[in-house]
Structure formats: structure tokens, C-alpha cells
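Q: Chains A and B, in that order, are what the protein sequence lines are. For the first sequence, position 177 matches number 177 in the numbering used here, and the numbering has no gaps at all. For the second sequence, position 198 matches number 198 in the numbering used here, and the numbering has no gaps at all. Ideal Cβ positions, reconstructed from N, Cα and C, are used throughout, including at glycine.
There are 2 protein chains.
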Amino acid sequence: MNTKQRILDEALTLFSEKGFANVFVGEIAERVGIKAPSLYKHYKGKQAIFDAIIEEMHHRFLEQARLLRIRGDNPEQDAEVYGSLPEDRLVRLGLDLFGYELHDDYTRRCRKMLTIEQFHNQDLASAYMSHYVDDPLLYHGALLGTAAGKGVLRAEDVKVMALQFYAPFYLMLTVCDRDPGREAEATGILEKHIRLFNKLYGRSV
Amino acid sequence: MNTKQRILDEALTLFSEKGFANVFVGEIAERVGIKAPSLYKHYKGKQAIFDAIIEEMHHRFLEQARLLRIRGDNPEQDAEVYGSLPEDRLVRLGLDLFGYELHDDYTRRCRKMLTIEQFHNQDLASAYMSHYVDDPLLYHGALLGTAAGKGVLRAEDVKVMALQFYAPFYLMLTVCDRDPGREAEATGILEKHIRLFNKLYGRSV
DNA sequence: GTCTATAAGAAGATAGAC
DNA sequence: GTCTATCTTCTTATAGAC
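(1) If you run the structure through DSSP and keep just helix, strand and coil, what is K199 of chain A?
(2) For the alpha helix (DSSP H) that H140 of chain A lies in, which residues bound it at each end?
(3) Please classify A48 of chain B as buried or exposed, where buried requires at least 16 neighbouring CB atoms within 10 angstroms.
(4) Counting only beta-carbon atoms, is I49 of chain A nearer than 8 Å to chain B?
(5) Cα-Cα, which of B:G145, B:D157, B:V160, B:L190 is closest to V160 of chain A?
(6) Distance, Cα to Cα, I116 of chain B vs F119 of chain A?
(7) In whole angstroms, what is the alpha-carbon distance linking P208 of chain B and L153 of chain B?
(8) Among residues of its own chain, excluding the 5 on either side of S204 of chain B, which ones have a beta-carbon nearer than 6 Å to its beta-carbon?
(9) Between the segment 10-31 of chain B and chain A, which residues of the former have CB atoms less than 9 Å from a CB of the latter, in chain order?
(10) Using a Cβ cut-off of 8 Å (strictly closer), state whether T115 of chain A contacts chain B.
(11) Confirm, please, whether the CB-CB distance from Q122 of chain A to H193 of chain B is below 8 Å.
(12) Using 8 Å as the limit for Cβ to Cβ distance, is H193 of chain B near chain A?
(13) Anyone know if the C-beta pair for D179 of chain A and M1 of chain B falls short of 8 Å?
(14) CB-CB under 7 Å to K35 of chain A, same chain, minus the five flanking residues each way: which ones, in chain order?
(15) Here's a check: name, in chain order, each residue in its chain whose Cβ is nearer than 7 Å to the Cβ of H140 of chain B, leaving out the five neighbours to either side.
(16) With 16 other CB atoms within 10 Å as the buried threshold, where does L40 of chain A fall?
(17) Using only CA atoms, which one of A:R31, A:R92, A:F50, A:L173 lies nearest to L143 of chain A?
(18) Check whether the Cβ atoms of Y100 of chain B and L171 of chain A sit closer than 8 Å, and answer yes or no.
(19) Taking C-beta to C-beta, are I53 of chain B and L124 of chain B nearer than 8 Å?
(20) Do we get a CB-CB distance below 8 Å when we pair V205 of chain B with the residues of chain A?
(21) When the distance is taken between beta carbons, is L12 of chain B closer than 8 Å to M113 of chain B?
(22) Is the distance from the Cβ of F24 of chain B to the Cβ of F50 of chain B below 8 Å?
(23) If the criterion is Cβ atoms closer than 8 Å, does the pair A21 of chain A and G19 of chain B meet it?
(24) Is the shortest distance between the beta-carbon of K46 of chain A and the beta-carbons of chain B less than 8 Å?
(25) Taking a contact to mean a Cβ-Cβ separation below 8 Å, would you say A147 of chain B touches F61 of chain B in this structure?
(26) Classify Y106 of chain A as buried or exposed, calling it buried when 16 or more other Cβ atoms lie within 10 Å of its own Cβ.
(27) Taking the continuous alpha helix (DSSP H) assigned at Q118 of chain A, which residues delimit it?
(28) If you run the structure through DSSP and keep just helix, strand and coil, what is M1 of chain A?
(29) Determine the closest residue to C110 of chain A out of A:G188, A:Q5, A:H58, A:L68, with distance taken between C-alpha atoms.
(30) What does K119 of chain B reach in chain A if we use C-beta pairs closer than 9 Å?
(31) Sorted by chain position, which residues of the same chain lie with C-beta nearer than 7 Å to V158 of chain A's C-beta, five sequence neighbours on each side aside?
(32) Going by DSSP in three states, G94 of chain A sits in which element: helix, strand or coil?
(33) Mind reading off the beta-carbon distance from L173 of chain A to L102 of chain A? Whole number of angstroms is fine, and I expect it under 8 Å.
(34) Under 9 Å Cβ-Cβ, which residues of chain B neighbour I189 of chain A?
Here it is as C-alpha cells:
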């Protein structure tokens with residue numbers, strides 16, 4: 001990894017732990033293994049580093065949204081894909097996504113940084129909301145809606161179901177971000193949540 | 001309100017909007033209507049102001065926890081109170097608590113400040129977790145457990161039910177903190193959530 | 001591209017008059 | 001208790017040699 005990229009990497013780590021205002025340029029430089037003035041050959045200043053991080057994050061989030069097939073080029077085709085998923089995979093999907101969000105280093109650091117900085121900048125607040133609330137609700141809404149079968153549920157109910165399915169993941173994610181020692185507890189209760197949810201909303205609706 | 005208290009009040013507002021590091025002593029003083037040096041007659045420094053805010057918050061949170069009858073002196077008596085609640089009140093309880101959390105000025109500012117500062121200080125992270133995750137889960141667990149009747153559900157299920165009931169409130173609270181314009185949407189979907197939850201878990205279990 | 005030296009400025013805190 | 005003036009420290013950023 002080149003110096004320019006390493007600066008972004010170390011800065012993201014520091015920003016996610018202490019927040020933008022509490023990180024000093026010299027601190028970033030030290031972790032990269034250079035002196036502060038050298039850093040200015042790569043970026044115009046501290047703000048420019050932050051902006052570069054946010055830009056990269058936007059790209060990655062967009063990429064991820066595409067992988068989830070939300071906001072893809074062809075929503076109708078996406079719906080067919082959801083419908084073809086075996087029901088069992090739906091059960092595991094939640095825990096897999098949870099594990100990814102929790103363990104992927106880049107994702108985890110971005111989420112913590114957004115949590116700290118979201119009130120400074122409307123753009124960051126929107127990014128947080130899209131990625132951790134609205135996109136997942138759309139995604140699970142599409143999955144649940146298609147899995148339950150057309151016409152079985154009203155459109156409104158799909159939104160409520162998506163909220164009921166996803167919100168526990170969101171809550172336990174915030175728990176584990178603050179106290180990683182509670183991950184086992186989190187996955188345990190989320191497993192029960194998924195099973196109970198499936199029992200209540202099973203095909204017998 | 002005396003000057004000493006007004007300092008805390010204005011400081012809390014600023015800390016909740018910008019975070020501790022981005023608020024300057026002169027800024028707090030200006031809002032109070034004095035000059036920065038005068039402020040040092042009331043508090044030793046910026047950190048002392050923050051500490052005083054946190055101390056007051058802890059007191060209020062403890063008070064609130066008592067009102068919720070969680071961690072009261074007599075858990076057995078509390079359980080009886082829960083059991084005597086008409087089922088209809090359970091339905092409204094959620095929306096009332098949601099409205100309180102959202103509209104009470106002190107609560108809202110504390111929550112936003114904790115959100116920003118939680119990763120700097122383990123004590124703040126714990127306060128956030130207790131007040132916005134663990135206490136509500138205990139509270140709703142006790143309510144739901146008692147309402148469902150002794151022996152009808154296993155103890156584990158009560159924890160999952162509490163999570164499924166409360167998590168949507170938590171998620172929509174974070175939404176409204178970032179974008180107050182979405183409050184109508186939030187209360188709308190939470191109403192549906194409560195009705196659907198009651199239908200699924202109704203006494204016919 | 002990296003360094004040392006240093007400028008420039010911001011912000012917390014104090015001194016001492018009133 | 002409040003003010004003006006000032007000190008001190010910390011941090012960003014630049015200059016210029018290598």
C-alpha cells in the first residue's frame with residue numbers, strides 16, 4: 001500500500017476512535033511513519049484527508065448497495081432473484097450480514113466515524129441514514145415481500161415487517177460497536193429473533 | 001435560572017450539536033451573556049463544565065429508571081403493577097415514551113451528546129447503553145412477560161420479544177434525531193408496528 | 001518525498017482592576 | 001462576579017535544505 005493510501009487508512013482508524021477534531025496531523029503522520037510536514041506533500045491538509053476518506057466511503061457504499069441489488073439498473077429482475085431464494089437462506093442472511101458489518105474492518109471504522117461526525121455535516125447524516133437504515137429496510141422489505149408471495153400482504157405491512165426484522169440487528173450492532181465483548185450475546189439473541197420471526201410470519205400467514 | 005446553571009444549559013446545547021472538542025469556552029460564555037474569563041469563576045474549566053453535565057445526567061437517568069420502576073426497591077411489587085395494566089395501555093405506552101424521548105429537550109440533547117462522545121469515554125458508552133438499550137429491554141421484557149402471563153413463555157423468549165418490541169423504537173429514534181422531519185413517518189410506522197406486534201403475540205398465544 | 005526549523009493562529013486559562 | 005489584557009500551549013501549515 002502506498003503512502004497516500006496508508007495516510008487515509010491510519011486517519012480513518014484515528015477518526016473512528018477519537019473524532020476528527022481530536023486527531024492531530026502529527027498523529028496520523030507518526031502512524032504512517034513520516035513527519036507531519038511530509039504529509040502535506042500528499043494532501044493539502046487535515047480536512048482534505050477527511051474529504052478523501054468520505055469520498056472513498058461513498059464509492060464503497062454505492063458498490064455495496066449495488067451488490068445488495070438495491071437501486072440496481074433493473075428492479076423487476078431483482079425482485080425475481082429475491083423470489084427464487086430458498087427460504088432457508090433468508091434465515092442465514094441476517095446473521096451473515098450482521099457478521100460482515102461487525103467484522104469488516106473498513107465498514108466498522110466508517111460506521112463509528114459516521115456515528116461521531118454525523119451531527120457536524122448533513123451529508124454524513126444522510127450517508128449514515130441511507131446505509132444503516134433506509135437501504136437495509138428497502139432490502140429486507142423486498143426480500144420479505146417477495147418471499148411472502150404477491151398479494152398475501154399489503155404493501156404497508158411489508159414496511160412494518162422489514163422494520164421488525166431489521167431493527168433488532170441495528171440495535172445489536174450499536175451494542176457491539178460500543179462493547180465488542182457482547183457479540184456472543186448479540187448473535188445468540190439474533191438467532192432466536194430470526195427463528196421466532198419466521199415462526200410468526202411463516203408461509204402459513 | 002442562575003448563571004452557574006445557565007452555563008450548563010448552554011454548554012449542553014452546544015456539546016450536543018458540535019461535540020466537546022468543537023465547542024469553545026468563549027462560545028458558551030457568549031450564549032450565557034458573559035465573557036469567557038468570567039466563566040472561570042463558576043467552573044474550573046471546560047472539562048469541569050462537561051463533568052458537571054454528565055453528573056447531572058446520571059442523576060436524571062437514575063431518577064427516570066426509578067420512575068420506570070426498573071431497579072426499584074421492590075421488584076416483586078413492580079411485577080404486580082405491570083400485571084394490572086390494561087392491555088390497551090400497553091399499546092399506547094410505546095408511543096408515549098417515544099414522544100417523550102423525542103420531545104423532551106433535556107433528554108434529546110443528552111442523547112445526541114452521548115452519541116457524539118460515547119467513543120471517547122467508556123463511562124459515557126455505558127451510560128448510553130444502559131439508558132437506551134439495556135434498561136428499555138428490561139422494562140419491556142418485564143411488561144411483556146407479565147402481560148403474557150406466568151409460565152406461558154420461556155424466560156428466553158421474553159428477552160427476544162422485548163427486543164422485537166423495542167428495537168423499532170430505537171431505530172426510529174435515531175432516524176428522528178438526525179432528521180426531525182421524519183417524525184410523522186416514524187410515529188406512523190411505529191403505530192402499525194405495535195398493532196401488528198399485539199396481533200401476533202396476542203393473548204391467544 | 002522526506003526532513004528540520006519555524007511561522008501563524010487558535011483556544012484554554014490566569015492576573016488583577018473594578 | 002464581571003471585565004480587559006495577557007500568557008501559555010498546542011496545532012496547523014509553510015519554507016527551504018537534502
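A: Checking against the coordinates, here is how it stands:
(1) In the first sequence, counting from the first residue as 1, residue 199 of chain A sits at position 199. In the three-state reduction of the DSSP assignment, K199 of chain A falls in the helix class, which pools H, G and I.
(2) As a position in the first sequence, residue 140 of chain A is number 140, starting the count at 1. That run of the alpha helix (DSSP H) goes 135-148.
(3) Translated into positions along the second sequence, residue 48 of chain B becomes position 48. Per the 10 Å Cβ criterion, exposed.
(4) On the first sequence, residue 49 of chain A is found 49 positions in, with the first residue counted as 1. No, no contact with chain B.
(5) For the purposes of this step, residue 160 of chain A is taken as the residue at position 160 of the first sequence. Closest by alpha carbon: B:L190.
(6) Your numbering for residue 116 of chain B matches position 116 in the second sequence. Your numbering for residue 119 of chain A matches position 119 in the first sequence. Looking at the two C-alpha atoms, the distance is approximately 8 Å.
(7) Not covered by the structure: residue 208 of chain B. The range shown for chain B is 1 to 205.
(8) In the second sequence, counting from the first residue as 1, residue 204 of chain B sits at position 204. Reliability fails at S204 of chain B, whose pLDDT of 47 lies under 50, so the model's placement of it is uncertain and no value is given.
(9) S16, E17, K18, G19, F20, A21, N22
(10) Translated into the one-based positions of the first sequence, residue 115 of chain A becomes position 115. Answer yes: the Cβ-Cβ gap between T115 of chain A and chain B drops below 8 Å somewhere.
(11) Here residue 193 of chain B is taken as the residue at index 193 of the second sequence, counted from 1. Here residue 122 of chain A is taken as the residue at index 122 of the first sequence, counted from 1. Contact: no.
(12) Residue mapping note: residue 193 of chain B aligns to position 193 of the second sequence, counting from 1. Closer than 8 Å: yes.
(13) For the purposes of this step, residue 179 of chain A is taken as residue 179 along the first sequence, with counting starting at 1. For the purposes of this step, residue 1 of chain B is taken as residue 1 along the second sequence, with counting starting at 1. No, these two residues do not count as a Cβ contact at 8 Å.
(14) Stepping through the first sequence from its first residue, residue 35 of chain A is reached at position 35. So the qualifying residues of the chain are A29.
(15) Counting from 1 along the second sequence, the entry for residue 140 of chain B is found at position 140. A162, F165, Y166.
(16) Taking the first residue of the first sequence as 1, we reach residue 40 of chain A at position 40. The sequence shown places Tyr at residue 40 of chain A, rather than the Leu named in the question. The residue is exposed, with fewer than 16 neighbouring Cβ atoms inside 10 Å.
(17) Working through the first sequence from its first residue, we reach residue 143 of chain A at position 143. For L143 of chain A, the nearest C-alpha among the options comes from A:R92.
(18) If you number the second sequence from 1, residue 100 of chain B lands on position 100. If you number the first sequence from 1, residue 171 of chain A lands on position 171. Against a cut-off of 8 Å, the Cβ pair of L171 of chain A and Y100 of chain B comes out as no contact.
(19) In the second sequence, counting from the first residue as 1, residue 53 of chain B sits at position 53. In the second sequence, counting from the first residue as 1, residue 124 of chain B sits at position 124. No.
(20) In the second sequence, counting from the first residue as 1, residue 205 of chain B sits at position 205. Residue confidence is low: V205 of chain B scores 40 on pLDDT, short of 50, so the model does not pin down where it sits. Its coordinate-derived value is still stated next. Closer than 8 Å: no.
(21) Numbered from 1 along the second sequence, position 113 holds the residue referred to as residue 113 of chain B. Numbered from 1 along the second sequence, position 12 holds the residue referred to as residue 12 of chain B. Yes, the pair counts as a contact, with Cβ atoms nearer than the cut-off.
(22) In the second sequence, counting from the first residue as 1, residue 24 of chain B sits at position 24. In the second sequence, counting from the first residue as 1, residue 50 of chain B sits at position 50. No; because the gap between Cβ atoms is not below 8 Å, this pair is not in contact.
(23) Locating residue 21 of chain A in the first sequence gives position 21, where the first residue counts as 1. Locating residue 19 of chain B in the second sequence gives position 19, where the first residue counts as 1. Yes, Cβ-Cβ distance for A21 of chain A and G19 of chain B is below 8 Å.
(24) To locate residue 46 of chain A, count along the first sequence from 1; it is residue 46. It does not: the Cβ of K46 of chain A has no partner Cβ on chain B nearer than 8 Å.
(25) As a working note, residue 147 of chain B is residue 147 in the second sequence. As a working note, residue 61 of chain B is residue 61 in the second sequence. Cβ atoms of A147 of chain B and F61 of chain B: not closer than 8 Å.
(26) For the purposes of this step, residue 106 of chain A is identified with residue 106 of the first sequence, where counting begins at 1. Y106 of chain A sits exposed, since fewer than 16 C-beta atoms from the chains shown fall within 10 Å of its C-beta.
(27) To locate residue 118 of chain A, count along the first sequence from 1; it is residue 118. From DSSP, Q118 of chain A is part of no alpha helix (DSSP H); its letter is neither H nor E.
(28) Against the first sequence, residue 1 of chain A aligns to sequence position 1. Reduced to three states, the DSSP call for M1 of chain A is coil.
(29) Taking the first sequence and counting its residues from 1, the one referred to as residue 110 of chain A is at position 110. Here the closest residue by C-alpha is A:H58.
(30) As a working note, residue 119 of chain B is residue 119 in the second sequence. Reading the sequence as shown, one finds Phe at residue 119 of chain B and not Lys. Residues of chain A with a Cβ closer than 9 Å to the Cβ of F119 of chain B are, in chain order, S16, E17, K18, G19, K112, T115, I116, D177, R178.
(31) If you number the first sequence from 1, residue 158 of chain A lands on position 158. Correct list, in chain order: G141, L144, G145.
(32) As a first step, residue 94 of chain A is located in the first sequence; it is residue number 94 there, counting from the start. Residue state, collapsed to three classes: helix.
(33) On the first sequence, residue 173 of chain A is found 173 positions in, with the first residue counted as 1. On the first sequence, residue 102 of chain A is found 102 positions in, with the first residue counted as 1. Right, their Cβ atoms sit about 7 Å apart.
(34) Residue 189 of chain A sits at position 189 when you count from the first residue of the first sequence. Chain B residues near I189 of chain A: E156, K159, V160, L163.
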